[in-house]
Amino acid sequence: MADSIDTRFRHLRSRTPEHSNHQLAPDQQPVDLEPVGLESAKLRVSRRSFLGGIGATSLIAGAASLANAAPLEEPTQEQTEAAGATTLTLRVNGKEYPLKNLDPRATLLDTLRERIHLTGTKKGCDHGQCGACTVHVNGRRVNSCLSFALMHEGDEITTIEGVGQPGNLHPMQAAFVEHDGYQCGYCTSGQIMSAVALLKEPIGSTDDEVKQAMSGNICRCGAYTNILAAVKQVRSRA
Amino acid sequence: METFNYVKAPSVEKALASIQEAKFIAGGTTLVDLMKLHVETPKTLIDINLLPLEKIEKLPDGGLRIGAMARNSDLAWNEEVKKSYPVLSEALLSGASPQLRNMATTGGNLLQRTRCMYFREPGAGTPGGYGCNKRTPGTGCAATDGFNRMHAVLGTSDKCIATHPSDMCVAMAALEAVIHVEGPKGKRIIPIAEFHKLPGDTPHIENALEAGELITYVDLPKPVEGAKSTYLKLRDRASYEFALASAAVVARVEGGHIRYIRIAMGGVGTKPWRSREAEAALMGKAANEATFKTAAQAALAKARPQKDNAFKVELAKRCLVRSLKTATATA
């Protein structure tokens with residue numbers, strides 16, 4: 330099984346040559362799409378370097394294990410109350426990301442993708458109707474497109490990158506691979522974030538109940554039968 | 038999206054102090070969506086997620102107090118709600134998606150805005166956009182002559198035919214919930230039947246809240262002893278879709294006769310539609326299909342269908358009959 334999974338994910342890793350984990354060539358530098366970039370080169374975290382630098386186990390274990398994350402000053406009451414406050418720290422996959430000059434209109438989704446460069450979370454409809462943007466906030470699944478980043482200071486945010494990695498997949502990710510729970514793959518990270526969350530929700534065991542619980546995630550390729558099989562397999566082994 | 042100032046309110050007092058040209062934001066599932074569509078353009082957003090209003094607790098009189106910040110999923114899965122107010126749990130779980138229910142709050146759901154596509158799309162359609170008296174008073178109602186399959190058949194006016202979208206509110210109407218609000222002039226309570234407003238000539242005024250008022254709690258009265266309750270929602274898909282017609286029923290049957298009955302309907306009204314006509318047709322009568330059909334007739338007697346939604350009248354009747362059967366079934 331592990332072999333087949335590794336094979337299946339080779340296309341993902343082939344874009345991340347080992348030697349370039351920390352030193353991307355100039356033309357490979359991640360592009361910051363926001364008008365104002367991240368604060369410093371030190372904080373310029375690309376998805377690749379981020380993934381390379383952090384073990385998946387500690388990501389799954391969550392926040393506390395990242396002892397080397399720089400402690401950050403708690404913003405004072407004054408700062409958080411200031412009208413138009415545009416500075417905040419987001420805690421994503423156990424790591425703190427200080428963000429400056431954040432447009433108050435920036436959704437959690439856009440901030441994850443364009444400022445923190447965790448692009449596993451996808452933008453589908455951008456109106457809470459498709460589920461592609463599903464992430465966990467304090468352990469619960471939400472649509473990151475319908476929330477402003479400023480509303481998440483102090484929250485524990487988990488994205489697909491924090492759930493598992495090639496070579497160390499979450500059982501749900503492995504089950505999606507095993508059961509072919511996708512075709513184009515665009516909705517897949519949202520599907521998996523929903524599926525992982527429902528493991529802790531009081532949902533019945535029938536197919537109908539699982540389908541109902543997964544109905545906030547639309548798959549235009551129609552991989553629903555295989556998604557259902559993957560979710561059922563993980564639930565039966567939990 | 039228009040830009041805005043963002044304020045985080047650490048207390049109810051602070052929230053109320055900064056409400057000028059502002060909107061409160063809780064779950065954001067309606068507001069952020071409508072801000073992206075340029076339907077909502079608040080100058081300031083007051084984030085009330087820190088307010089200590091998320092508890093669900095029993096009241097000394099046997100009722101239930103639901104904090105305005107209680108999330109839809111927490112309310113639906115609350116043991117007391119499942120046991121004593123199943124109609125509310127079922128209604129909540131029939132609405133939206135699991136992700137949205139984790140975000141959406143009780144107070145926010147009371148203020149959920151219509152899904153009328155002409156309301157939601159200011160820039161679309163004819164030059165200058167679709168008219169919508171709810172969005173921009175005085176611009177007409179594009180839905181009246183437009184595609185109005187999803188629109189209301191009860192409580193409409195020539196100014197607005199938009200359907201109230203909430204499932205939770207329908208259950209709360211049948212449960213006779215009481216809404217607690219706090220504002221610049223102090224605290225007051227509003228029965229849910231008086232909370233939502235009919236469109237009439239002022240469809241932009243959707244509820245009884247005054248400027249700057251904040252919903253703090255919703256109280257449910259003590260559960261009716263011996264009563265059963267149910268929520269039935271009919272829609273185009275089995276999940277994650279708004280109602281074409283829905284019915285919330287709370288009923289107690291003794292000796293084959295109906296001794297207590299509360300009925301509210303969704304998907305058909307411009308507000309959560311409490312049907313006192315149907316209740317009057319049922320009270321004291323034998324609990325059988327003939328009575329249920331008479332009640333359904335009474336509930337829809339004043340229906341005024343549009344060109345695309347005449348089917349809703351019959352659908353709503355059947356929906357009500359079926360949920361009455363469920364709520365009054367003996368075994």
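Chains as they are written, first to last, in this note's numbering: chain A, 330 to 567; chain B, 38 to 368. The C-beta atom is built at its ideal place from N, Cα and C for all residues, glycine as well. Predicted model only: the values in this text are computed from it and were never measured.
query                                                                                                                                                                                   : result
Going by other Cβ atoms of all chains shown within 10 Å of its Cβ, with 16 needed for buried, is B:M320 buried or exposed?                                                              : exposed
In the stretch 244-321 of chain B, which residue ranges form an unbroken alpha helix (DSSP H) of at least 4 residues, counting only runs that do not cross its ends?                    : 313-319
Run through chain A and tell me which residues come within less than 8 Å of B:K73, C-beta to C-beta.                                                                                    : D455, H456
What is the DSSP secondary structure of B:F184, counted as helix, strand or coil?                                                                                                       : coil
Using a Cβ-Cβ cut-off of less than 9 Å, list which residues of the stretch 123-156 of chain B approach chain A; keep chain order.                                                       : L130, A133, S134, P135, Q136, L137, R138, N139, M140
For chain A, find out if any of its Cβ atoms is closer than 8 Å to the Cβ of B:T40; answer yes or no.                                                                                   : yes
How would you list, in chain order, the residues of chain B whose beta-carbon sits under 7 Å from the beta-carbon of A:A542?                                                            : P135
Say whether chain A places a C-beta atom closer than 8 Å to the C-beta of B:T66.                                                                                                        : yes
Would you list the residues sitting across from B:L82 in a DSSP beta bridge?                                                                                                            : B:Y43, B:K60
I'd like the ranges of any beta strand (DSSP E) spanning at least 3 consecutive residues and lying wholly in the stretch 449-488 of chain A.                                            : 463-466, 469-472, 485-487
Could you tell me the distance, in whole angstroms, from the CA atom of A:E443 to the CA atom of B:N109?                                                                                : 30 Å
What does the alpha-carbon distance come out to for the pair A:Q406 and B:F348?                                                                                                         : Confidence in A:Q406 is poor, its pLDDT being 43 and thus under 50, which makes the residue's placement unreliable; the coordinate value appears in the next sentence. Between A:Q406 and B:F348, the C-alpha separation is close to 55 Å.
Helix, strand or coil: which one does DSSP assign to B:Y122?                                                                                                                            : coil
Any Cβ of chain B within less than 8 Å of the Cβ of A:V471?                                                                                                                             : yes
Strictly under 8 Å for the Cβ-Cβ distance: is A:R434 near chain B by that measure?                                                                                                      : yes
Taking a cut of 7 Å between CB atoms, which residues from the stretch 262-286 of chain B lie near chain A?                                                                              : S276, Y277
Measuring alpha carbon to alpha carbon, tell me which residue in B:G293, B:L281, B:G177 is nearest B:K362.                                                                              : B:G293
Just curious, the alpha helix (DSSP H) that B:V215 is in, first and last residue?                                                                                                       : Per DSSP, B:V215 belongs to no alpha helix (DSSP H); it is in the beta strand (DSSP E), 215-220.
Strictly by DSSP, which residues pair up with B:S194?                                                                                                                                   : B:C197
Report yes or no: is there a C-beta of chain B within less than 8 Å of the C-beta of A:A414?                                                                                            : Its pLDDT being 48, under 50, A:A414 is placed unreliably in this model, and the value from its coordinates should be taken loosely. Output row for A:A414: interface = yes.
Measure the alpha-carbon distance for B:E39 versus B:L71 and round it to whole angstroms.                                                                                               : 11 Å
Taking contact to mean 3 or more Cβ pairs, one atom from each stretch, closer than 8 Å, check whether the stretch 267-283 of chain B and the stretch 530-549 of chain A are in contact. : yes
Since A:Q494 sits in a beta bridge, which residues does DSSP pair it with?                                                                                                              : A:N497
With 8 Å as the threshold, decide whether the Cβ of A:T409 is near any Cβ in chain B.                                                                                                   : Confidence in A:T409 is poor, its pLDDT being 42 and thus under 50, which makes the residue's placement unreliable; the coordinate value appears in the next sentence. It does: the Cβ of A:T409 has a partner Cβ on chain B nearer than 8 Å.
Excluding five sequence neighbours on each side, which residues of the same chain lie with their C-beta closer than 7 Å to the C-beta of B:R374?                                        : Only positions 38 to 368 of chain B appear in the structure, and residue 374 of chain B is not among them; the question remains open.
Check the Cβ of B:W114 against every Cβ in chain A and list those closer than 7 Å, keeping chain order.                                                                                 : P531
Can you tell which of B:C206, B:D204, B:A179 has the C-alpha that lies nearest to the C-alpha of B:K196?                                                                                : B:A179
Skipping 5 residues on each side, what residues in its chain have a beta carbon closer than 8 Å to that of B:E58?                                                                       : P79, K80, T81
Please list the terminal residues of the continuous alpha helix (DSSP H) segment that includes A:Y553.                                                                                  : 553-566
Within 8 Å of any Cβ in chain A, is that where the Cβ of B:L53 sits?                                                                                                                    : no
Return the chain-ordered list of same chain residues with a C-beta closer than 7 Å to the C-beta of B:E91, the five sequence neighbours on each side being excluded.                    : G104, M106, A107
Here's the rule I'm using: 16 or more other beta-carbon atoms within 10 Å means buried, otherwise exposed. How should A:V560 be labelled?                                               : buried
Taking DSSP's pairing of strands, which residues face A:H508 in a bridge?                                                                                                               : Answer by DSSP bridge pairing: none, since A:H508 is not bridged.
Using a threshold of 8 Å, state whether the C-beta atoms of B:L36 and B:G263 are closer than that.                                                                                      : It is not possible to answer for residue 36 of chain B, since the shown part of chain B is limited to 38 through 368.
8 Å is my cut-off, CB to CB: does A:L475 come that close to chain B?                                                                                                                    : yes
Return the residue from the list B:R311, B:H201, B:P221, B:S360 that minimises the CA-CA distance to B:L212.                                                                            : B:R311
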